[in-house]
Amino acid sequence: MDIDPLKIGDNLGKIVERENKRQESEHALSIRTREADLAPEQLISMSAAQDTADIQRAYAQNRIDLIRTRGSIEKDRMLAIAKERAELECLRRQSNLAAIAKKALLLLKQSEKESSMIEGIDDDWWAKYCRNAEDSSDPCLQQIWARTLKNEIERPGSVSVHTIKLINSLNKKDAELIAKFFSYVAMIRVDENKYGYPDNRYIAMGITRPKFVRAEINSSDLLLLRDIGVIVWDESMKFSGEASFELDYFDRTYRVNTPNFGYGLTDVNLTIIGVELLKICDRQPVEGLMEFMLQEFKGIGVSIAGPLPPWIPTTASP
176 MDIDPLKIGD NLGKIVEREN KRQESEHALS IRTREADLAP EQLISMSAAQ
226 DTADIQRAYA QNRIDLIRTR GSIEKDRMLA IAKERAELEC LRRQSNLAAI
276 AKKALLLLKQ SEKESSMIEG IDDDWWAKYC RNAEDSSDPC LQQIWARTLK
326 NEIERPGSVS VHTIKLINSL NKKDAELIAK FFSYVAMIRV DENKYGYPDN
376 RYIAMGITRP KFVRAEINSS DLLLLRDIGV IVWDESMKFS GEASFELDYF
426 DRTYRVNTPN FGYGLTDVNL TIIGVELLKI CDRQPVEGLM EFMLQEFKGI
476 GVSIAGPLPP WIPTTASP
């Protein structure tokens, strides 16, 4: 007798189906039996508990769906705000750079050197300059950045990256203090081979002289300028024996001859960054300062000759 595998499979399937239905019936009967043994109030309590659980699950699911929806909406809103803020920040920085460039161009026109413009500027220097200058919105600081760019265009390499970083750290009050301080700065030219000092040194005259009552820089200001990196307060130029140097303050130059016992210039000196800033900042001479210093020199036996013809710097001078 031939056996049909398909019929055997069908028969087995029917047997399994009947067995499952039997187990379901027994399970339902068991539940009804247990419920029959319960009091009516217990049945009501079970039904209410089941309904409450269903309601709580539905409420929790709705909350989850709501949070997800709100999260998606909030994310989109935050992304839109971030994009708008980035665009506004980009526009603000570009506007600052445009204002600085306009001021620099005006300065170059005044010095009749705008034709050279930006061709001689190092690309890396220019990139660092833009990154540091673009956040300055104050007109006073923008003017410093414009003069910085003018100096670098006229003399590529004259403004270091260290000076750029220092300018970026300044606020308006710092910039005003530096400009005020530089009004007291004079240049001293000596023979480097004879005295061991660089050809040009820069000192602040009268700052530490209590007799010069017009001084507007106090000790706290000097400490701040030292911490910023503009000055050194613990160096002095000392000459042993008879010496001679030229003192240049704005457009006034004098020959100073020290006595045989020597002389020390103990006023504040500029750092390298300070010298670069000095050539950038727009400063004004302090009225009466040069006369005060000349009188001080004469009072200790230092002879003065001058005023001499204005000193004209060469291309090799710093």
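Each residue of the sequence shown is one higher than the one before, counting from 176 in this note's numbering. The C-beta atom is built at its ideal place from N, Cα and C for all residues, glycine as well.
In angstroms, rounded to a whole number, what distance separates the CA positions of C315 and S419?
Taking the straight line joining both Cα atoms gives about 39 Å.
Under a Cβ-count criterion, where at least 16 other Cβ atoms within 10 Å of its own Cβ denotes burial, should E309 be classed as buried or exposed?
buried
Kindly list the residues whose CB is nearer than 8 Å to the CB of R401, restricted to its own chain and excluding five residues on each side of it in sequence; keep chain order.
Within the same chain, R401 has close Cβ partners V407 and W408.
Beta-bridge partners of T446, as assigned by DSSP
In the DSSP output, where bridge partners are listed per residue, T446 has none listed.
Cβ of T433 within 8 Å of Cβ of V477?
yes
With DSSP as the reference, label F425 as helix, strand or coil.
coil
For I339, the first and last residue of its enclosing alpha helix (DSSP H):
V336 to N343
Going by beta-carbon coordinates alone, are L341 and I256 separated by less than 8 Å?
Result no, Cβ atoms of L341 and I256 do not sit closer than 8 Å.
Where does G481 sit, in a helix, a strand or coil, going by DSSP?
strand
Would L398 and V443 be called neighbours here (beta carbons separated by less than 8 Å)?
no
Whole angstroms is fine: what's the gap from S395's alpha carbon to Y424's?
A straight line joining the alpha-carbon of S395 with that of Y424 spans about 25 Å.
For A302 and D426, the rounded distance between their alpha carbons
36 Å
Tell me which same chain residues have a C-beta within less than 7 Å of the C-beta of S311, skipping the five on either side of it?
Within the same chain, S311 has close Cβ partners N271, Q317 and W320.
Exposed or buried, A273, counting other C-beta atoms within 10 Å across all chains shown (16 or more means buried)?
Burial call: exposed.
Where E264 and I353 are concerned, what is the direct C-alpha to C-alpha distance, given to the nearest angstrom?
29 Å
Mapping DSSP to helix, strand and coil, what is M468?
The DSSP-derived three-state label of M468 is helix.
So the alpha helix (DSSP H) I319 belongs to, where does it begin and stop?
First-last of the alpha helix (DSSP H) with I319: P314 to E329.
From the DSSP output, read off the bridge partner residues of N346.
Paired residues: none, contrary to the question.
Rounded separation between S344 and S335 - CA only:
For S344 and S335, the distance between alpha carbons rounds to 15 Å.
What three-state label does DSSP hand Y359 in the structure shown?
Reduced to three states, the DSSP call for Y359 is coil.
Reduced DSSP secondary structure (H/G/I, E/B, other) of R364:
strand
For N271, which of helix, strand or coil comes out of DSSP?
helix
With DSSP as the reference, label R260 as helix, strand or coil.
helix
According to DSSP, residues forming a beta bridge with I378
A361 and N444
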